Amino acid sequence: MSGAQATITVVGNTNLDIMVSGAAELPEPGTEAIVPGIDIRLGGSAGNLAVRCAGLGQETVLVSKVGDDASTRLVEQELALPGLSAVLVRDAGLPSGITVAVEAPGRDRAFISSLGAMAELTPQDVPASALGAGTVVLAGYFLLPKLRGNAAVELFAAAHASGALTVLDTGWPAEGWTGEVRAEVNSVLGSVDLFLPNSDELAGLTGNPDPRAAALELAAQTSTMVAAKLGADGAGLALPDGTWLHSAARPITPVDSTGAGDGFNAAFLACLARRDSPVQALAAAVRYATDLVATAPERRGAVVLPEPQPLSL
Numbered sequence: 001m002s003g004a005q006a007t008i009t010v011v012g013n014t015n016l017d018i019m020v021s022g023a024a025e026l027p028e029p030g031t032e033a034i035v036p037g038i039d040i041r042l043g044g045s046a047g048n049l050a051v052r053c054a055g056l057g058q059e060t061v062l063v064s065k066v067g068d069d070a071s072t073r074l075v076e077q078e079l080a081l082p083g084l085s086a087v088l089v090r091d092a093g094l095p096s097g098i099t100v101a102v103e104a105p106g107r108d109r110a111f112i113s114s115l116g117a118m119a120e121l122t123p124q125d126v127p128a129s130a131l132g133a134g135t136v137v138l139a140g141y142f143l144l145p146k147l148r149g150n151a152a153v154e155l156f157a158a159a160h161a162s163g164a165l166t167v168l169d170t171g172w173p174a175e176g177w178t179g180e181v182r183a184e185v186n187s188v189l190g191s192v193d194l195f196l197p198n199s200d201e202l203a204g205l206t207g208n209p210d211p212r213a214a215a216l217e218l219a220a221q222t223s224t225m226v227a228a229k230l231g232a233d234g235a236g237l238a239l240p241d242g243t244w245l246h247s248a249a250r251p252i253t254p255v256d257s258t259g260a261g262d263g264f265n266a267a268f269l270a271c272l273a274r275r276d277s278p279v280q281a282l283a284a285a286v287r288y289a290t291d292l293v294a295t296a297p298e299r300r301g302a303v304v305l306p307e308p309q310p311l312s313l
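Per the UniProt record's numbering: the sequence shown = residues 1 to 313.
Below is the structure:
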């Protein structure tokens, strides 16, 4: 396998995350709240996915648009990792994107984001050399207004022309799953080989709360493989020919679920890059993501990608 075939290029949003922990609600205007901790870390769907891929020993290229400010220098430091080549396209007239994530026990995290320079990322910002990878992923779709719709189709067409596997990870639309948003995503999926939604995103896109039925319907309509993350139920893969593959997650005591989705995506793509079959890749990715959830963040460096299991006859 050549280096280009094994390389994964991730295009999309990279920014700093400001993580506020223990805040069940925002304080009233003019008041102040004390929380247990505030951390600053690398964020963005594309940035997190690229770091995960590189951490699995996968040669990875990350393409994002940033400003030329202090936060950009922190991002650069976080991306200085073995196996990761970061192409940060600078726009000196704009700040870098920032996300504030507020989390508290017993409730989902809430996010407040400023797009900054990432709002100006276009297909023309992606070097031709990056599109020569074996896999090209567009991540953080809804936070990239100039890479939505026809612009995404243009990017994927260029990637296909170079022989790449094309992959889409949308996230959740700020405007909600309106009819216009659904039609837009479906039009893009016609240019995508692999779609990576979670069960909530899949339900929002299709209107069907049954993830298996929704994934199979979507795969048949768009000729796209749909790898659906199902939380504690593992993950499923719908193929355009009507095949449904499911890999269950083993029972664990959760320690921290942060990053499990990015971990699944990275593991699934890394397995496909090493030429595992879809069923082998699905099983390995579920095992890897499950191991992450069962491991404290400071010990996750010891979690490795499982070896492919022999196919049963």
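Backbone N, C-alpha and C fix where the C-beta goes; we use that ideal spot for every residue, glycine too.
Predicted, not measured: the structure shown is a model, and the values here were computed from it.
Leaving out five residues before and five after residue i in sequence, what residues of the same chain have Cβ atoms less than 6 Å from its Cβ?
{"i": "F156", "result": "T166 and S191"}
{"i": "A289", "result": "A260, G263 and F264"}
{"i": "H246", "result": "G236"}
{"i": "P209", "result": "A203"}
{"i": "T62", "result": "The sequence shown places Leu at residue 62, rather than the Thr named in the question. Cβ within range, chain order: V10, A50 and A86."}
{"i": "A24", "result": "A104"}
{"i": "V293", "result": "P254, S257 and A260"}
{"i": "G47", "result": "T14"}
According to DSSP, simplified to helix, strand and coil, what is residue i?
{"i": "S2", "result": "Only weak support is given to the placement of S2: the predicted model assigns it a pLDDT of 49, under 50, and the question is left unresolved by the model."}
{"i": "S45", "result": "helix"}
{"i": "N15", "result": "strand"}
{"i": "L74", "result": "helix"}
{"i": "L282", "result": "helix"}
{"i": "N198", "result": "strand"}
{"i": "T60", "result": "strand"}
{"i": "S187", "result": "helix"}
{"i": "P29", "result": "coil"}
{"i": "E307", "result": "coil"}
{"i": "P123", "result": "helix"}
{"i": "residue 336", "result": "One cannot answer for residue 336 here, as it falls past the ends of the chain, which runs 1 to 313."}
{"i": "G176", "result": "coil"}
{"i": "T222", "result": "helix"}
{"i": "D276", "result": "coil"}
{"i": "A151", "result": "helix"}
{"i": "N265", "result": "helix"}
{"i": "A133", "result": "coil"}
{"i": "T295", "result": "coil"}
{"i": "V181", "result": "helix"}
{"i": "R250", "result": "coil"}
Per DSSP, what are the beta-bridge partners of residue i in this structure?
{"i": "L245", "result": "L237"}
{"i": "A139", "result": "G12 and D169"}
{"i": "V66", "result": "R90"}
{"i": "A227", "result": "L237"}
{"i": "V20", "result": "I38 and V102"}
{"i": "S162", "result": "S162 is not bridged to any residue."}
{"i": "S113", "result": "T99"}
So, for residue i: in the same chain, excluding its five sequence neighbours on each side, which residues have a beta-carbon less than 7 Å away from its beta-carbon?
{"i": "L216", "result": "A238, G242 and W244"}
{"i": "A267", "result": "L56, A284, A285, Y288, A289 and L305"}
{"i": "E28", "result": "none"}
{"i": "A159", "result": "L131, V136 and T166"}
Applying the criterion that 16 or more other CB atoms from any shown protein chain within 10 Å of the CB defines a buried residue, is residue i buried or exposed?
{"i": "Q124", "result": "exposed"}
{"i": "A80", "result": "exposed"}
{"i": "L115", "result": "buried"}
{"i": "N150", "result": "exposed"}
{"i": "L144", "result": "buried"}
{"i": "R52", "result": "buried"}
{"i": "A228", "result": "buried"}
{"i": "Q58", "result": "buried"}
{"i": "G176", "result": "exposed"}
{"i": "L205", "result": "buried"}
{"i": "L26", "result": "exposed"}
{"i": "S45", "result": "buried"}
{"i": "residue 317", "result": "Past the edges of the chain, shown from 1 to 313, lies residue 317, and the structure says nothing about it."}
{"i": "S64", "result": "buried"}
{"i": "R109", "result": "exposed"}
Excluding the 5 residues preceding and the 5 following residue i in the sequence, name in chain order all residues of the same chain whose CB lies nearer than 8 Å to its CB.
{"i": "A54", "result": "T60, L81, P82, G83 and L84"}
{"i": "I38", "result": "I18, M19, V20 and S21"}
{"i": "P127", "result": "V63 and V87"}
Restricting to runs no shorter than 3 residues, where is the beta strand (DSSP E) found entirely within the segment 80-111? 84-90 and 98-104
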